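Report on the structure given below.
Number of protein chains: 2
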Amino acid sequence: MEYLVKITITLKQGVLDTQGKAVTASLHGMGGYEALQEVRVGRFLELRLSAKDRGTVLTLAEGMCDDLLVNDLIEERSIEVVEIR
Amino acid sequence: MEYLVKITITLKQGVLDTQGKAVTASLHGMGGYEALQEVRVGRFLELRLSAKDRGTVLTLAEGMCDDLLVNDLIEERSIEVVEIR
């Protein structure tokens, strides 16, 4: 089976998001976006995997997050698995 | 009302994703991830806004994407609006 794994990585609450602050300041500077209060910037990864079942895919995805993709000290992740065929 | 807007930005199909290729190569180099076929790297933004209704929020979010956040030539976006209070 082939699967698509969508991983959303965000900074933990309390971690200073300098990139988000810069984006907020830019948008405020443009005018018309006074309603905007905060921007937090994260990452989004789409992985394509071949595996025998959804459980295997989730285990592999968790492993890849731990080994390379996510810094658990400052980031948190959310993983969604979609079967594509 | 206060809203959370989740914006997922991905490279369009056909646009070369050098960052994704680098991540794929790193994971393959680690061993144990032969099941991985492709990684595409995108961005994820979380915006907090105060506005009177969901329609206003969506219009503002679309405007911010057009004005600053998304490069329509090579990227596509998906916008989700969540009422938080």
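Chains L and C, in that order, give the protein sequences. Quick note: the first sequence uses my numbering, first residue 1, plus one each step. Quick note: the second sequence uses my numbering, first residue 1, plus one each step. Cβ coordinates follow ideal geometry from the N, Cα and C atoms, glycine included. Please read all numbers here as calculations on a predicted model, not as lab measurements.
Listed in chain order, which residues of the segment 35–57 of chain C have Cβ atoms closer than 7 Å to some Cβ of chain L? A35, L36, Q37, E38, V39, R40, V41, G42, R43, F44, L45, E46, L47, R48, L49, S50 and A51
D66(L) CB to nearest chain C CB: under 8 Å? no
Assess, as a yes-or-no matter, whether the segment 68–85 of chain L is touched by the segment 70–84 of chain C under the definition of 3 or more beta carbon pairs within less than 8 Å. no
Going by alpha carbons, who is nearest to I95(C) out of T59(C), D17(C), L49(C) and G55(C)? Within the shown structure, residues of chain C are numbered from 1 to 85, placing residue 95(C) beyond reach of any answer.
Return the CA-CA distance between L36(C) and C65(C), expressed in angstroms with no decimal places. 31 Å
List the residues of chain C that T10(L) touches, going by C-beta distances under 8 Å, in chain order. F44 and E46
Would you mind reading off the limits of the alpha helix (DSSP H) that contains R48(L)? Counting along the chain, R48(L) falls outside any alpha helix (DSSP H), though it belongs to the beta strand (DSSP E) covering L36 to S50.
Inter-stretch contact (C-beta, 8 Å, three-pair minimum) for the segment 44–64 of chain C and the segment 17–29 of chain C: Contact fails between the segment 44–64 of chain C and the segment 17–29 of chain C, because fewer than three Cβ pairs, one in each stretch, are under 8 Å apart.
At a Cβ threshold of 8 Å, is M30(L) touching chain C? Contacts with chain C at 8 Å (Cβ-Cβ) include M30(L).
At least three beta-carbon pairs within less than 8 Å, the segment 20–35 of chain C to the segment 22–37 of chain L: Result no; under three Cβ-Cβ pairs closer than 8 Å.
According to DSSP, what are the bridge partners of R77(C)? I9(C)
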